[in-house]
Amino acid sequence: MEPCTTPVLLDRNAPAMPNPERRRLLTSLAACGLGALTSRSALAAGTTPDQALSIVQPPRPAPDFTLPDLDGKPHRLSDYRGKVVLVNFWATWCPPCRAEMPSIERLYLSLKNKPFAALALDQGESLNQVFAYMGQLSPSPTFPVLLDSKSAAAHAFGVMGIPTSYLIDPRGNIVRQAVGGRDFDTAAMRRVIELLMA
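Residue numbers (my numbering): 85 to 282.
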């Protein structure tokens with residue numbers, strides 16, 4: 085069975101639920117197929133550079149943030165100016181987020197010697213939760229995984245569900261976005277990124 089690629093919606097106005105209960109509910113909703121389910125193969129089929137991520141018109145400045153990685157090292161988005169940056173909002177309990185992580189790693193490895201960076205911003209989880217999940221991955225991501233523990237960066241970007249990803253141009257503007265899981269390791273995605281590098 086193909087992994088679910090439907091984004092998990094985040095409701096900022098909902099009353100707080102204990103994390104384990106919230107995770108079980110959201111995972112169940114995603115797994116049960118509520119919403120429009122689309123397979124990864126359907127998302128990737130026939131993709132052209134313009135379909136790889138939706139175009140953001142007009143481009144808008146990306147909100148700056150400084151967040152720690154799993155080793156506690158701070159990463160500031162504006163320090164990546166001059167590079168194309170893929171910013172991915174995700175969580176360990178989100179099935180489509182987990183499904184797309186390996187494709188982000190493959191994309192990153194294929195472009196790591198070019199002016200490109202990938203940043204995965206985990207939403208609302210502790211260092212221990214994220215670290216435990218990363219230990220299950222083989223291979224683990226070699227790009228920075230950051231802790232957006234209070235979802236401040238997600239709120240600044242206007243993220244309504246996860247996974248949500250943004251492509252930021254070398255001047256620091258959001259030029260493309262994607263809501264829902266997808267395969268990032270495609271020729272179309274690399275073409276979009278290489279055009280932004282030019």
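Note that the Cβ used here is the ideal one computed from N, Cα and C, for glycine as well.
Item: Is there a C-beta anywhere in chain D that falls below 8 Å from the one on P199?; Value: No chain D appears in the structure shown, which is made up of a single protein chain.
Item: At the level of alpha carbons, what is the spacing between D153 and D267?; Value: 24 Å
Item: Report the three-state DSSP secondary structure of N197 (helix, strand or coil).; Value: coil
Item: Does the distance from the CB of D232 to the CB of L191 come in under 8 Å?; Value: no
Item: On the three-pair Cβ rule with 8 Å, is the region 162 to 177 touching the region 206 to 225?; Value: yes
Item: In or out: T226 buried (at least 16 other Cβ within 10 Å) or exposed?; Value: exposed
Item: Use the C-beta contact count for P99: other C-beta atoms within 10 angstroms, 16 or more gives buried, fewer gives exposed.; Value: For P99, the pLDDT reaches just 46, beneath the cut-off of 50, and the residue's location in the model is therefore unreliable, leaving the point undetermined.
Item: Please classify D253: is it buried, with 16 or more other beta-carbons within 10 angstroms of its beta-carbon, or exposed?; Value: buried
Item: In whole angstroms, give me the CA-to-CA distance for K167 and Q261.; Value: 17 Å
Item: Would you report the Cα separation of Y164 and A201, rounded to the nearest angstrom?; Value: 8 Å
Item: Could you give the distance in angstroms between the alpha-carbon of G265 and the alpha-carbon of V171?; Value: 13 Å
Item: On the DSSP letters alone, give me the boundaries of the beta strand (DSSP E) that R260 sits inside.; Value: N257 to V263
Item: For H239 and L195, I'd like the C-alpha separation in whole angstroms.; Value: 29 Å
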